[in-house]
Structures are given as structure tokens and as C-alpha cells.
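Visitor: Please read through the structure below; I'll follow up with questions.
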Amino acid sequence: MAGLFDLQTLAVLGAAGERVVIWHVNVGVGLGLSRLSGAWVVEEGRGAEIESLTRGYAVVGADEGVRVDAGAEVVDVEGTVENVRAAIELADARFTEHQAATGGKLIRPQWPDIVDPKDVSLTQHQVDVVDDHIRPVLTLARGLADLADAWASFESLRVARAFLTELGGPHVRPVPLAVR
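The numbering used here numbers the first residue of the sequence shown as 19 and each following residue consecutively.
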């Protein structure tokens, strides 16, 4: 069972004219619920509200027009994708070594495909009902949620194999974020 410490929420921010769009995304351990855990559109001048929705969360900017507090941890999406792909490549290499050492009778896991969150697109239904200003933030949030699901799939394959637990321990880990 997941504990509170297993949650790792990102605040995805975007500018929408005079408003700020914020989506919360759980990239920690999956809880069987939607990873998209909250969405707000707040007037830009309402700094206290924006701060309350972003304080304590790593932040992802969906566009250049959004201002991020100087003290905030900012997620490097490309670096995060590289971290995920590197972890999968390392596990695959370790699997190959283990398979060779044990006579080659193991079946290689079906590692998940990793799609860059910036390359994800919304369904036509989502495009039809989402405001043009909100769409880029939702699209990036959805892409990060998909990345977290792919990571969770990888982690379940990793922890199920004792010889791979040395690559991160015996428990499922949250997405390995690259922050700056």
C-alpha cells in the first residue's frame, strides 16, 4: 500500500492571457486514481492563490510566458525523459548479463516505450472541449502522467526480478525527475 511519502506531485503551469493555468500531476507511486489530480485557472494578479497551488511542488513550465518563483524546483522534462530511458537501458543491460550467466533461459521483459511528454497529443474529444489557452498545459500534464505510468510499468518489472533490485532497491520508486 502506498503511503503519503509515495506521492510526488508536480505543478504544471502555463500562461493564458491574464490568467495562469495550473495542473497537478502525481508522478509518484500510482494509487489507482487519475494522475491528473487538480486543475485551476487563476487570475495572474492573485499571487497568494498561485503560490498556495505551487508551494512545495516541483514546477514544470508549459510555455515561456509563465513566471516561476525563483526558489521553486523546476523540472527539466528532457532530462527527466533521459533519466527514465537510461534506467531502462541499464536494467536491460543487467538483464542481458544475468541471462548470459544463467544459460539464456529467461524471457526478456517487455519494457515500456517512453514517449517524451512534449510529443503527446490529446484525443479529439479533449481537443473539442478544452479552451485553446488551456490545451498546452493539459497536453503537457497528460504527457507527464503517461510518462509516470510508463515508469510505474518499468518499476513493476524491475522489482519483480531479484537480480534487478540492486538498481534501485526492492520498492517501486517515483519518476526520476531532473530538476534545476
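Note that the Cβ used here is the ideal one computed from N, Cα and C, for glycine as well.
(1) Grab the span of the beta strand (DSSP E) containing glycine 187 for me, first residue to last.
(2) For glycine 32, report the span of its alpha helix (DSSP H) as first-last.
(3) Let me know if threonine 72 comes out buried or exposed under the rule of 16 or more other beta-carbons within 10 Å of its beta-carbon.
(4) In the DSSP assignment, find the alpha helix (DSSP H) that holds tryptophan 169 and state where it starts and stops.
(5) Of all the options Val190, Gly74, Ala34 and Thr27, which has the alpha carbon lying nearest to the alpha carbon of arginine 153?
(6) Report the partner residues of glutamine 37 according to the DSSP bridge assignment.
(7) For glutamate 69, which residues in the same chain have their Cβ closer than 8 Å to its Cβ, ignoring the five residues on either side in sequence?
(8) In the structure shown, what three-state DSSP assignment does glycine 56 receive?
(9) Using the rule of at least 16 other Cβ atoms within 10 Å of the residue's Cβ for burial, across every protein chain shown, is glycine 63 buried or exposed?
(10) What span of residues does the beta strand (DSSP E) with alanine 76 cover, start to end?
(11) In the DSSP assignment, what residue or residues form a beta bridge with asparagine 44?
(12) Run the CB neighbour count on valine 93, radius 10 Å, all protein chains shown included, and call it buried at 16 or more, exposed below.
(13) Quick check: the segment 120-139 against the segment 42-51, are there 3 or more CB pairs under 8 Å?
(14) If you draw a straight line from the C-alpha of aspartate 164 to the C-alpha of valine 77, how long is it?
(15) Within the same chain, show all residues whose beta-carbon is closer than 6 Å to that of valine 193, passing over the 5 residues directly before and after it, in chain order.
(16) Straight-line CA distance for glycine 21 to glycine 48?
(17) Using a threshold of 8 Å, state whether the C-beta atoms of leucine 158 and valine 59 are closer than that.
(18) I'd like the list of long-range same chain contacts for arginine 160, defined as Cβ closer than 6 Å, with 5 residues on each side in sequence excluded.
Guide: With the given structure in hand:
(1) Premise fails: glycine 187 is in no beta strand (DSSP E) and is neither H nor E.
(2) Glycine 32: not part of any alpha helix (DSSP H); member of the beta strand (DSSP E) spanning 27-34, first to last residue.
(3) Residue environment analysis places threonine 72 among the buried positions, since at least 16 neighbouring C-beta atoms fall within 10 angstroms of its C-beta.
(4) 153-177 is the span of the alpha helix (DSSP H), which, as asked, contains tryptophan 169.
(5) Minimum Cα distance to arginine 153 is reached at Ala34.
(6) The sequence shown places arginine at residue 37, not glutamine. Paired residue(s): Ala34 and Glu61.
(7) Hits under 8 Å: Asp87.
(8) Residue state, collapsed to three classes: strand.
(9) Here glycine 63 is exposed. Its C-beta has fewer than 16 other C-beta atoms within 10 Å.
(10) Residues 76-79.
(11) Under DSSP, asparagine 44 shares a beta bridge with Thr27.
(12) The Cβ neighbour count for valine 93, taken over all protein chains shown within 10 Å, is at least 16; the residue is labelled buried.
(13) Verdict: no, contact absent.
(14) The straight-line gap from Cα to Cα measures roughly 17 Å.
(15) Here the set comprises Val45, Ala166 and Trp169.
(16) The predicted position of glycine 21 is uncertain, since its pLDDT is 40 and thus under 50; a value taken from the coordinates is nonetheless stated next. Roughly 11 Å between the two C-alpha positions.
(17) The answer is no: Cβ separation not under 8 Å.
(18) Hits under 6 Å: Val138.
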